[in-house]
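First comes the structure, then the notes that go with it.
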Amino acid sequence: MGFRFAYSSNAYTRFSVEEALYRVARLGYRGVELLADVPHAWPCGLLEESLRLIRRTLETTGLGLVNVNAFMMNGVGDPRHPYWHPSWIEESAELRALRREHTKRALRLAEALGAPSIQTEPGGPLPRGMSRAQALRVFYDELMPCVELAEQLGVDLLIEPEPGLLIERMEQYLELAERVGSARLGLNFDVGHAFCVGEDPASWIPRMAGHTRHYHIEDIGADRVHRHLVPGEGAIDLRSVLEAIARTGYGGWITVELYPYVDDPDEAGRRALAHLQMLTSSLDTCD
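Right under this line is the structure:
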């Protein structure tokens, strides 16, 4: 099976979007996940000139635009957490609106650039004093206008379960998906996140295949602490993960996500791709 690996530009937040794309291409990746945040493609006020630059650079490098990462919102400057806030389930309606409108803009950005999907956070951390049932109702109410826009634009809106947030397990995603009931709502299956919460990624991959539109891959230490590591430098059995993906017949992209490696994203990305190619080469040999 021919796996297609992309690299998320969120490892390159110390570089311009143009430089980030060129560097990803030089490493040998065939695709890129674009960060819809500063300093790459913050959708709020993104100029047409910037869109043209991104399109031109993608064309020049030959990179496929595999997904738009709308999870992170550093552009807001929220001091509580650079990725999780503002969340979908803030007590403040004004803060919830920032997340909702950001997601709408990211959907329009994906449509303008020809990306098949965006991914978003899975609700956010549960506010003190808010029950889980209340939080799920708020999340649903805020998410549905974005689902409707995704249906209009023909762009998939992907939920990414994350440790410590409202939806962190696959069963929780399935409950949300059943309630939403839209073909445009899908799963961004983050292999490391599943491992962090004690789930075996290889076992869940076939069970979630009907929902999974995109994968994130990274390694995690044996302590299952949520810190992304270069594939091959943690405790996840990534060979079994790739075997499981291959058995589902998945033909989409697998994005390497190494945002902690901002000091040297090139070296981290190079090691990651070399390890993944070694694993996939051995799979092809076994076939």
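All the letters of the sequence shown, read from the start, carry residue numbers 37 to 323 under my numbering.
Think of the CB as a built atom: it goes at the ideal place given N, C-alpha and C, for glycine as much as any other residue.
The structure presented is a predicted model; accordingly, all values stated were derived computationally and were not measured.
Taking the beta carbon of D323 as the centre, do at least 16 other beta carbons fall within 10 Å, making it buried, or is it exposed? Caution is warranted here: a pLDDT of 42 is assigned to D323, below 50, making its placement in the model unreliable, and the coordinate value is therefore given only provisionally. It is exposed - the Cβ of D323 has fewer than 16 other Cβ atoms within 10 Å.
With three or more beta-carbon pairs closer than 8 Å as the criterion, would you say the stretch 120-136 touches the stretch 57-65? The answer is no - the stretch 57-65 does not touch the stretch 120-136, with fewer than three Cβ pairs under 8 Å.
Report all residues from its chain with a CB closer than 6 Å to the CB of R306; omit the five preceding and five following residues, and keep chain order. Taken in chain order, the residues that qualify are L63.
Please state whether DSSP places I241 in a helix, a strand or coil. In the structure shown, I241 sits in a helix (DSSP, three-state: H, G or I).
Classify R164 as helix, strand or coil using the three-state DSSP reduction. When secondary structure is reduced to three states using DSSP, R164 falls in the coil class, being assigned neither helix nor strand.
Would you mind sorting A219 into buried or exposed? The rule is 16 or more other CB atoms within 10 Å of its CB. Around the C-beta of A219, fewer than 16 other C-beta atoms lie within 10 Å, and the residue is accordingly described as exposed.
Would you mind listing the beta strand (DSSP E) stretches within the stretch 223-268 that are 3+ residues and don't spill past its ends, in chain order? Given a length threshold of 3 residues, each whole run of the beta strand (DSSP E) inside the stretch 223-268 is given here in chain order: 248-253.
Could you give the distance in angstroms between the alpha-carbon of F41 and the alpha-carbon of L278? Going from the Cα of F41 to the Cα of L278 covers about 12 Å.
According to DSSP, simplified to helix, strand and coil, what is V277? Helix at V277.
Could you say if the stretch 133-151 and the stretch 206-213 meet the contact criterion of at least three C-beta pairs nearer than 8 Å? With a cut-off of 8 Å on Cβ pairs, the stretch 133-151 is not in contact with the stretch 206-213, counting fewer than three such pairs.
Over the uninterrupted alpha helix (DSSP H) stretch that includes T93, give me the two end residues. Counted as a single uninterrupted DSSP element, the alpha helix (DSSP H) harbouring T93 occupies residues E84 to T97.
Rounded separation between P267 and A304 - CA only: A direct Cα-Cα distance of roughly 9 Å separates P267 from A304.
How long is the line joining the alpha carbons of V102 and P79, rounded to whole angstroms? Answer to the nearest angstrom: the Cα atoms are 17 Å apart.
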